[in-house]
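Numbering (the UniProt record's numbering), first residue to last: 1 to 491.
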């Protein structure tokens, strides 16, 4: 008889609308009991406590960590922020243990119970229109699950069924690099030190952003008490949409391939060579040239992700991003029990009907809005440009709520005269409005000291780039045989 390993159930009692404890007690625990799945319950009691719990779990499981097939399953009842804190804590202690042990590898298998505000990762894996998959473990339950609770349990039933394998979850690592001889002030002290004492390394699994999105997150925290739901983000956007951010960005191709940085062409409906940039080849460490795409500011919106297509259930800001292999969708999970060998990044945007072959590479998708590419903004007096752009920004980002159609918008061909109300077109003849790139890594380099330009958002956690410094962003992806812990998610 096979002895099932204990799963760890982490509950954030204050996430979202504080409904997680009730659902866990009334439904999740009875499901685990009925399926004879042993579990240990952990409840967070303070900010960052999920990371502390993760560290204690790993410490207690160190005997099994030496096994190359070691895995720990964690059910997280909370939001993206709770999962972020957990991953951050685990990576921190894993780094410490690696210095003590010659072999340290395994997989954290995460089951998501979405009780946060936006639930970006869960909503991307199971969009609101997803029909209820025919989970065997669901059909065998002795008691029915309420219709308002069932959509939150798809990840749990996927884990219990084990008809497929969990999806590898890439982790973005952002390094905040100060200038030479810079001494951080007290408010800029890093949350954690890397091998270079002066740098800060921040993991994220959903989003890494700057500009408007980061400012929205900063402002939204002041609105949380009065507006606990997603509406607080829209209110915060109104306060920052007219802001321009002086910076430049450098995008680099994936290091493990010979590919290039690519850009979405809405007219061709495929990823092509970049066409709204300046490119300069730079020598790699092995002497070969790497094509680096440099993008000048000012910026209005700059958001990157390698795992989600949406930040809210209906706000599809990066529609070409998907963790799922192209042949596997939520509606085919139960009917496709075979193991998938495709890698993350081979999602909807890589299907052949989008004009390209299925690509198993690891990509960071970067969504950019630059206000001075807008003819309407350029035609406006300098003192009115922020207000003019604000109207455009809401027009464009509003299309993200229409199944991500904002990435197909183009500017009008004819420049505006006195009419400043000209609207964008879908796949018209004008210039592309939204610049959607995919790359292997990138740098964000602020060109001003303003705190808002130096602000970065990692899964909702806010950090400041030191004055005169920059951020370097890359992917940590699972490599077979590597001495480290990786992450996967049941979906």
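Glycine is no exception: its CB is placed at the ideal position from the N, C-alpha and C atoms.
Which residues bound the beta strand (DSSP E) around residue 265?
Within the chain shown, residue 265 is the residue found at index 265, counting from 1. Segment 262-265, the beta strand (DSSP E) holding residue 265.
What are the partner residues of residue 108, as DSSP defines its beta bridges?
As a first step, residue 108 must be located in the chain shown, where it is residue number 108. DSSP, once it has assigned bridges, lists 72 and 487 as partnering residue 108.
Would you check if there are 3 or more beta carbon pairs closer than 8 Å linking the stretch 108-128 to the stretch 304-319?
Result yes; three or more Cβ-Cβ pairs closer than 8 Å.
Where does residue 155 land, buried or exposed, given buried means 16+ other C-beta within 10 angstroms?
Here residue 155 corresponds to residue number 155 of the chain shown, with the count starting at 1. Buried, since its Cβ has 16 or more Cβ neighbours within 10 Å.
DSSP puts residue 437 in a beta bridge; with which residues?
If you number the chain shown from 1, residue 437 lands on position 437. In DSSP, residue 437 forms a bridge with 263 and 366.
In whole angstroms, what is the alpha-carbon distance linking residue 435 and residue 366?
Indexing the chain shown from 1 puts residue 435 at position 435. Indexing the chain shown from 1 puts residue 366 at position 366. C-alpha separation (whole angstroms): 8 Å.
Output needed for residue 454: all residues of its chain with C-beta closer than 6 Å, excluding positions within five of it in sequence on either side, in chain order.
What you label residue 454 is simply residue 454 of the chain shown in a count that begins at 1. So the qualifying residues of the chain are 446, 464 and 465.
Would residue 121 pass as a contact of residue 42 if the rule is Cβ separation under 8 Å?
The residue given as residue 121 occupies position 121 in the chain shown. The residue given as residue 42 occupies position 42 in the chain shown. Cβ atoms of residue 121 and residue 42: not closer than 8 Å.
Are the CB atoms of residue 302 and residue 216 nearer to each other than 8 Å?
Along the chain shown, read from residue 1 onward, the residue named residue 302 stands at position 302. Along the chain shown, read from residue 1 onward, the residue named residue 216 stands at position 216. No, these two residues do not count as a Cβ contact at 8 Å.
Give the DSSP-derived three-state secondary structure of residue 100 in the structure shown.
Within the chain shown, residue 100 is the residue found at index 100, counting from 1. Unreliable positioning characterises residue 100 in this predicted model, as indicated by a pLDDT of 48, which lies under 50. The coordinate reading is nonetheless provided below. The answer is coil: DSSP assigns residue 100 none of H, G, I, E or B.
Bridge partners for residue 389 per DSSP, in chain order?
As a working mapping, residue 389 is identified with position 389 in the chain shown. According to DSSP, residue 389 bridges with nothing at all.
With contact counted as at least three CB pairs below 8 Å, one residue from each stretch, are the stretch 166-181 and the stretch 467-477 in contact?
Segments in contact, yes.
So which of 412, 408, 384 and 270 has the shortest CA-CA distance to residue 374?
The residue labelled residue 374 in the question sits at position 374 within the chain shown. It is 412.
List the DSSP bridge partners of residue 10.
For the purposes of this step, residue 10 is taken as residue 10 along the chain shown, with counting starting at 1. Answer is 42 and 76.
If contact is defined by three or more beta carbon pairs under 8 Å, each pair taking one atom from either stretch, is the stretch 15-23 in contact with the stretch 54-63?
They do not touch, by the three-pair rule.
Between which two residues does the beta strand (DSSP E) holding residue 131 run?
On the chain shown, residue 131 is found 131 positions in, with the first residue counted as 1. Residue 131 -> no beta strand (DSSP E), and no H or E assigned at all.
Find the nearest neighbour of residue 363 within the set 398, 318 and 404, judged by alpha-carbon distance.
As a first step, residue 363 is located in the chain shown; it is residue number 363 there, counting from the start. The residue with the shortest Cα to Cα distance from residue 363 is 318.
Would a C-beta distance cut-off of 8 Å place residue 82 and residue 15 closer than the cut-off?
Within the chain shown, residue 82 is the residue found at index 82, counting from 1. Within the chain shown, residue 15 is the residue found at index 15, counting from 1. In this structure, residue 15 lies closer than 8 Å to residue 82 by Cβ.
Does DSSP put residue 451 in a helix, in a strand, or in coil?
For the purposes of this step, residue 451 is identified with residue 451 of the chain shown, where counting begins at 1. Coil.
Near residue 378, which residues of its chain fall below 7 Å by C-beta distance, leaving aside the five closest residues on each side in sequence?
Here residue 378 is taken as the residue at index 378 of the chain shown, counted from 1. 372, listed in sequence order.
According to the Cβ coordinates, are residue 91 and residue 170 closer than 8 Å?
Reading the chain shown from its first residue, position 91 is the one you call residue 91. Reading the chain shown from its first residue, position 170 is the one you call residue 170. Against a cut-off of 8 Å, the Cβ pair of residue 170 and residue 91 comes out as no contact.
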